[in-house]
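*Asks:* What follows is a structure written as structure tokens; I'll ask about it next.
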Amino acid sequence: MEDTMHLGIALEGAGWHPAAWREPDARPAELFSAGYWTDLVTEAERGLADFVTFEDGLSLQSTLADRPDRRTDQVRGRLDAVLVAARVAPLTRHIGLIPTVVATHTEPFHNSKAIATLDYVSTGRAGVRVRISARPDEAAHFGRRDGRPQAVDLLDEAADYVEVTRRLWDSWEDDAEIRHLPTGRFIDRDKLHYIDFQGRWFSVKGPSITPRPPQGQPLVAALGHGDLAYWLIGRAADLAFVTPRDPDEADAAVAGIRAAQAAVGRADDTLLVLADLVVFLDDEPGKAAARLARLNEVAGLDYASDAAIFAGPPTQLADLMTGWAASTGLSGFRLRPAAIPHDLAAITRGLVPELQRRGVRPPGYQASTLRGHFGLARPANRYAA
Amino acid sequence: MSTHGKQVHLAAHFPGVNNTTVWSDPRAGSHIDFASFAHLARTAERAKFDFLFLAEGLRLREQNGQIYDLDVVGRPDTFTVLAALAAVTSRLGLAGTINSTFNEPYEVARQFATLDHLSGGRAAWNVVTSWDAFTGENFRRGGFLPQDQRYERARTFLSAAWQLFDSWDGQDIVADQRSGVFLADQDPGEFSRSDRHFQIAGRFNVPRSPQGRPVIFQAGDSEEGREFAASSADAIFSRHSTLRDGQAFYADVKGRLARYGRTRDQLLILPAATFVLADTDEQAAELAREVRLQQVSGATAIAFAEQLWNRDLSGYDPDGPLPDVDPDPGEHTVARGRASVRMYTDPVGTARTWRARAEVGKLSLRELIIEVTGRQSFVGSPATIATAINELVQADASDGFILVPHLTPGGLDEFADRVVPLLQERGVFRTEYAGTTLREHLGLAAADRPLTSARSAG
Chain G
111 MEDTMHLGIA
121 LEGAGWHPAA
131 WREPDARPAE
141 LFSAGYWTDL
151 VTEAERGLAD
161 FVTFEDGLSL
171 QSTLADRPDR
181 RTDQVRGRLD
191 AVLVAARVAP
201 LTRHIGLIPT
211 VVATHTEPFH
221 NSKAIATLDY
231 VSTGRAGVRV
241 RISARPDEAA
251 HFGRRDGRPQ
261 AVDLLDEAAD
271 YVEVTRRLWD
281 SWEDDAEIRH
291 LPTGRFIDRD
301 KLHYIDFQGR
311 WFSVKGPSIT
321 PRPPQGQPLV
331 AALGHGDLAY
341 WLIGRAADLA
351 FVTPRDPDEA
361 DAAVAGIRAA
371 QAAVGRADDT
381 LLVLADLVVF
391 LDDEPGKAAA
401 RLARLNEVAG
411 LDYASDAAIF
421 AGPPTQLADL
431 MTGWAASTGL
441 SGFRLRPAAI
451 PHDLAAITRG
461 LVPELQRRGV
471 RPPGYQASTL
481 RGHFGLARPA
491 NRYAA
Chain H
336 MSTHGKQVHL
346 AAHFPGVNNT
356 TVWSDPRAGS
366 HIDFASFAHL
376 ARTAERAKFD
386 FLFLAEGLRL
396 REQNGQIYDL
406 DVVGRPDTFT
416 VLAALAAVTS
426 RLGLAGTINS
436 TFNEPYEVAR
446 QFATLDHLSG
456 GRAAWNVVTS
466 WDAFTGENFR
476 RGGFLPQDQR
486 YERARTFLSA
496 AWQLFDSWDG
506 QDIVADQRSG
516 VFLADQDPGE
526 FSRSDRHFQI
536 AGRFNVPRSP
546 QGRPVIFQAG
556 DSEEGREFAA
566 SSADAIFSRH
576 STLRDGQAFY
586 ADVKGRLARY
596 GRTRDQLLIL
606 PAATFVLADT
616 DEQAAELARE
626 VRLQQVSGAT
636 AIAFAEQLWN
646 RDLSGYDPDG
656 PLPDVDPDPG
666 EHTVARGRAS
676 VRMYTDPVGT
686 ARTWRARAEV
696 GKLSLRELII
706 EVTGRQSFVG
716 SPATIATAIN
726 ELVQADASDG
736 FILVPHLTPG
746 GLDEFADRVV
756 PLLQERGVFR
766 TEYAGTTLRE
776 HLGLAAADRP
786 LTSARSAG
């Protein structure tokens, strides 16, 4: 389907609005339970989304950039995103699962085998969204870095982190396991490869302890708001999430990413750019905007986001999405439901049928892997002779 | 005979990356596909086992400078598989080995607290330490830790993790939609510590999980390892599965508990054990011989001998006599990434003993290796095995066993169908789970927040 618009759903707590947990249909006491996340992902799969993302971070949520805000009126605390994705994987069949990992404070070796394993337990539906952390409070949780890191360094480190992750995924050739009885060999060790990565931030020998995952290379995603992050995306990502306010900004973001891609010699690699939108959806005209206003009042703030905020009927959102997709280089959208379950169900049961009517979303899943949803073939192994 | 004595604890060990695991059998399935893990977990849960256990190694083993290729190679990420298994089981404990050297407390505590939430209180952590630069080559810090500090790092790491687990009190989340109070406390998760290994402070971001803390396992056998277990673990994964060795180990470790203000029922001793089951004892003995031949191929026999001899023995015939040269007493260079080589404290003496044994029994190298390595713990009919397990437990050689099947994934099926019912008939093994958490299965008290106890100091 050439004109397919890609669609992902960004799951976060009770929704992206800070007062979402106060809505009568919210389940704030269940945010740390498996059943809650299973229900959300099942609903997203019912809406035939290509993927869901799971937010994560290594500090308590905060409205302040550098320290806890000590607020008691918003959702605080979160589960490890990779494990939440793994927990729902056996209970879903088609939807891609993209947890967030923080490259800054974690080990690329652990990350590579964790995402490879997520790909095994989901039979080919894993991705990973890589982010950095410049928060000093987060660094203090690990006690291993001093001073105020420069974003450019953290992004450079994250690019190396992705490079190591990817090399480790390829460090076993697909046919390395031979079970050769005459010689008693389980593997052909010539098909396992040391990655011998030596960089400015770390060195990793390899090979992975985990064989090459079902997709070969699970998809790597990153969110970017400007040229610095586009540089990481250009170097390392298959999927980019960007936050334009209008089609012109969308084109500018795509152009920035393409330039970054070209600069590192990846111009020919497939890199899909999706726009993030926070969505408040109600059929009745004016109702979504009224709900946003009511939530703002409950929260005692005017909700602001890095992404554009849409409040209106699903048909109008479908207009916006098809309009942007037709006039820009965007490949689709990652929608952030403002309040869960309401806006999640409005996406899956209102917006998606509307997009199907317009012929930009398929009537059912066409593939059973995350790469497959994006029309991406299983890549050759970089180490295979 | 019905003896209502101690209750037996049983667990399943997913077949590992050593020669116990028979990959050459036509029934041997994948060691990496999730279906294999799900199969063993469902079998263990059907049999009302306490838990499933996953081992871990963070670098592929090498011998003579090459990746060791004779055993199963490759395994998935421990946490990720356990989280997925939580979706296909509802009572079975989920235990994983996680290294305290090449991880940081904040991340590991998050992962275990998350696993405990996502499994409804079934998480367990086998705390292991490593120090070798060989494994370190896969990690940011390399081989940073001196060998003599590895247990200190492990103890300190565990203490830090406990502090993080305990940093939310279980009452912090109010989530009252009407009043708008989500948190009872402005500073949930607050922690701070400064010691030789960790200078960390801030807010832990996972609320207290159903078990409070995961169940803690320890597996090392050294003096330091035993002391670590006595001070800090809920269960010990030992290798002493015979009556005399088991009783000696059991008495030794349980005897250490009082020093830490702990009682004998606060630490379970669970040796790893293998089994070969058939209709009759005779058939089982015959089957056991066949399994040993599968486990020790000619190539594997040479490889095992190299681990003792510390030399390249590839020129020797496994069906011929033992090597006539003595082991190289120098630094061990042949096998890397394998803890067992450190067991040979006197390689020359061991080789002499092996030669004598081979001469007396007229054994080839392969036959000798079959004799001296990894004999099956339980061989017999269902009744024989049930009796042996129960007697060892009642005789205080252990509190139960972690069973290691030699076939993946179906190696536990027959045990579940034929041995477990006999233990149940004798009243020494549960017929239904009484609780929902692993702590309940193991008869351990809930982990309250004993901030005054030595266990959370530091």
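Protein chains in written order, with our numbering: chain G, 111 to 495; chain H, 336 to 793.
Built from N, CA and C at the ideal position, the CB exists for glycine as well.
Kindly give me the distance between the Cβ atoms of glycine 428 of chain H and phenylalanine 386 of chain H, rounded to whole angstroms, as I take these residues to be in contact under 8 Å.
*Replies:* Going by Cβ atoms, the distance from glycine 428 of chain H to phenylalanine 386 of chain H rounds to 3 Å, so yes, they are a contact pair.
*Asks:* Given this structure, state the Cα-to-Cα distance separating histidine 575 of chain H from proline 246 of chain G, to the nearest angstrom.
*Replies:* Whole-angstrom Cα-Cα distance: 48 Å.
*Asks:* If you scan the region 450-538 of chain H from start to end, which runs of the beta strand (DSSP E) of 3 or more residues do you find wholly inside it?
*Replies:* Whole beta strand (DSSP E) segments, 3+ residues: 458-463, 508-511, 516-518, 525-529, 534-538.
*Asks:* Of all Cβ atoms in chain H, is any one closer than 8 Å to the Cβ of valine 151 of chain G?
*Replies:* For valine 151 of chain G, the answer is no, since every Cβ of chain H falls outside 8 Å of its Cβ.
*Asks:* Would you call the region 458-468 of chain G and the region 274-294 of chain G touching, i.e. three or more CB-CB distances under 8 Å?
*Replies:* Not touching, per the Cβ criterion.
*Asks:* Show which residues of chain G have a CB atom less than 8 Å away from the CB atom of glycine 633 of chain H.
*Replies:* Residues of chain G passing the Cβ test: Gly294.
*Asks:* Report the start-end ranges of each beta strand (DSSP E) in the region 534-610 of chain H that is 3 residues or longer and not cut off at the edges.
*Replies:* Whole beta strand (DSSP E) segments, 3+ residues: 534-538, 550-553, 570-573, 603-608.
*Asks:* Leaving out the 5 sequence neighbours to the left and right, which residues in its chain are closer than 8 Å to leucine 747 of chain H when beta-carbon positions are compared?
*Replies:* Ala347, Leu375, Thr378, Ala379, Ala382, Leu738, Pro740, listed in sequence order.
*Asks:* Using a Cβ-Cβ distance under 8 Å, would phenylalanine 414 of chain H count as near chain G?
*Replies:* Closer than 8 Å: yes.
*Asks:* Taking any Cβ of chain G, which residues in the region 350-361 of chain H have a Cβ under 8 Å from it, in chain order?
*Replies:* If the cut-off is 8 Å between Cβ atoms, the region 350-361 of chain H has Trp358, Ser359 near chain G.
*Asks:* Hey, is aspartate 368 of chain H's beta-carbon within less than 8 Å of any beta-carbon in chain G?
*Replies:* So, interface residue.
*Asks:* On the three-state DSSP scale, how would you describe asparagine 491 of chain G?
*Replies:* Coil.
*Asks:* Taking just the CA atoms, how far does arginine 673 of chain H sit from aspartate 404 of chain H?
*Replies:* Roughly 13 Å separates the two Cα atoms.
*Asks:* Does the Cβ of glutamine 521 of chain H have 16 or more other Cβ atoms within 10 Å, making it buried, or fewer, making it exposed?
*Replies:* The residue in question, glutamine 521 of chain H, is exposed, as its Cβ has fewer than 16 Cβ neighbours within 10 Å.
*Asks:* Take arginine 599 of chain H as the anchor and find which of H:Ile704, H:Thr685, H:Gly778, H:Ala608 has the nearest alpha-carbon.
*Replies:* When each option's Cα is compared against that of arginine 599 of chain H, the closest is H:Gly778.
*Asks:* In three-state terms, what does DSSP make of tyrosine 475 of chain G?
*Replies:* Coil.
*Asks:* What did DSSP end up calling threonine 316 of chain H once you bin it into helix, strand or coil?
*Replies:* Residue 316 of chain H falls outside the range modelled here, since chain H spans only 336 to 793, and no answer is possible.
*Asks:* Is it the case that the CB of threonine 491 of chain H approaches a heavy atom of the ligand MG more closely than 7 Å?
*Replies:* Ligands in the displayed structure: none, and consequently the ligand MG is not present.
*Asks:* Looking only at C-alpha atoms, which of H:Val588, H:Asp406, H:Pro411, H:Gln398 sits nearest to glutamate 391 of chain H?
*Replies:* Per the Cα distances, H:Pro411.
*Asks:* By the DSSP assignment, the beta strand (DSSP E) with arginine 255 of chain G in it spans what residues?
*Replies:* Premise fails: arginine 255 of chain G is in no beta strand (DSSP E) and is neither H nor E.
*Asks:* Given that a residue counts as buried once 16 or more other Cβ atoms are within 10 Å of its Cβ, and exposed if not, what is histidine 257 of chain G?
*Replies:* Here the sequence assigns glycine to residue 257 of chain G, which means histidine is not the residue at that position. It is exposed - the Cβ of glycine 257 of chain G has fewer than 16 other Cβ atoms within 10 Å.
*Asks:* Residues of the region 397-424 of chain H with a CB closer than 7 Å to any CB of chain G: list them in chain order, please.
*Replies:* For the region 397-424 of chain H, which is checked against every Cβ of chain G, the residues closer than 7 Å are Gln401, Ile402, Asp404, Leu405, Asp406, Val407, Val408, Gly409, Arg410, Pro411, Asp412, Phe414, Thr415, Val416, Ala418, Ala419, Ala421, Ala422, Val423.
*Asks:* List, in chain order, every chain H residue whose beta-carbon is nearer than 8 Å to that of tryptophan 131 of chain G.
*Replies:* Those are Ala510, Gln512, Phe517, listed as they occur along chain H.
*Asks:* Starting from leucine 389 of chain H, follow the beta strand (DSSP E) in both directions and report where the run begins and ends.
*Replies:* Its beta strand (DSSP E) spans residues 386-389.
*Asks:* Considering Cα atoms alone, identify which of H:Leu518, H:Asp731, H:Thr424, H:Gln482 is closest to serine 557 of chain H.
*Replies:* Closest option to serine 557 of chain H, Cα to Cα, is H:Gln482.
*Asks:* Which ranges would you report for the beta strand (DSSP E) in the region 223-299 of chain G if only whole runs of at least 3 residues count?
*Replies:* Those beta strand (DSSP E) runs which fall completely within the region 223-299 of chain G and span 3+ residues are 237-241, 287-290, 295-297.
*Asks:* Could you say if the region 205-223 of chain G and the region 169-188 of chain G meet the contact criterion of at least three C-beta pairs nearer than 8 Å?
*Replies:* Contact fails: fewer than three Cβ-Cβ distances are below 8 Å.
*Asks:* So, for histidine 335 of chain G: in the same chain, excluding its five sequence neighbours on each side, which residues have a beta-carbon less than 7 Å away from its beta-carbon?
*Replies:* Hits under 7 Å: Thr353, Asp416.
*Asks:* Tell me, please, which residues DSSP counts as bridged to threonine 210 of chain G.
*Replies:* Answer is G:Arg239, bridged to threonine 210 of chain G.
*Asks:* Going along chain H, which residues have a C-beta under 7 Å from aspartate 256 of chain G?
*Replies:* Those do not exist, as aspartate 256 of chain G stays about 11 Å from chain H at its closest Cβ, beyond 7 Å.
*Asks:* Using the beta-carbon of each residue, which ones in chain H are nearer than 7 Å to lysine 315 of chain G?
*Replies:* Chain H residues near lysine 315 of chain G: Glu472, Asn473.
*Asks:* Would the region 636-644 of chain H and the region 618-627 of chain H be scored as touching if the rule is three or more Cβ pairs under 8 Å?
*Replies:* They do not touch, by the three-pair rule.
*Asks:* Would a check of beta-carbon distances place serine 251 of chain G closer than 8 Å to chain H?
*Replies:* Contrary to the premise, residue 251 of chain G reads as histidine rather than serine in this sequence. Cβ-Cβ to chain H under 8 Å: yes for histidine 251 of chain G.
*Asks:* How is the alpha helix (DSSP H) around asparagine 438 of chain H delimited, first residue to last?
*Replies:* Element bounds for asparagine 438 of chain H: n/a, residue is neither H nor E.
*Asks:* Select from H:Ser573, H:Phe533, H:Ser359 the residue whose C-alpha is nearest the C-alpha of glycine 735 of chain H.
*Replies:* With distances taken between Cα atoms, glycine 735 of chain H lies closest to H:Ser573.
*Asks:* Check for me: the alpha helix (DSSP H) holding isoleucine 450 of chain G runs from which residue to which?
*Replies:* Note, isoleucine 450 of chain G: premise wrong, no alpha helix (DSSP H); not H, not E.
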